[in-house]
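Participant:
Residue numbers (my numbering): 169 to 226.
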């Protein structure tokens, strides 16, 4: 598995870092750890500005 980092585009805050098979799975993992079923359940006001998912090398 690859290691991804999810950031909030508007603030640059790192929201999640972890292993996932692909960027979409990384978004889902981030949302799940925040208490949501997957990334589509994150409320619109939290998604404002968008998310940036990037693979990182460790």
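Beta carbons: idealized from backbone N, C-alpha and C, even for Gly.
Which residue marks the beginning of the alpha helix (DSSP H) containing residue 200, and which one marks its end?
Facilitator: 191-201
Participant: Are residue 188 and residue 169 touching if we call contact CB-CB under 8 Å?
Facilitator: yes
Participant: Would you tell me roughly how many angstroms separate the C-alpha atoms of residue 220 and residue 185, rounded to the nearest one?
Facilitator: 12 Å
Participant: Going by C-alpha to C-alpha distance, which of 224, 202, 199, 215 sits closest to residue 179?
Facilitator: 215
Participant: With 16 as the cutoff for other CB atoms within 10 Å, does residue 194 come out buried or exposed?
Facilitator: With 16 or more neighbouring CB atoms inside 10 Å of its own CB, residue 194 falls in the buried class.
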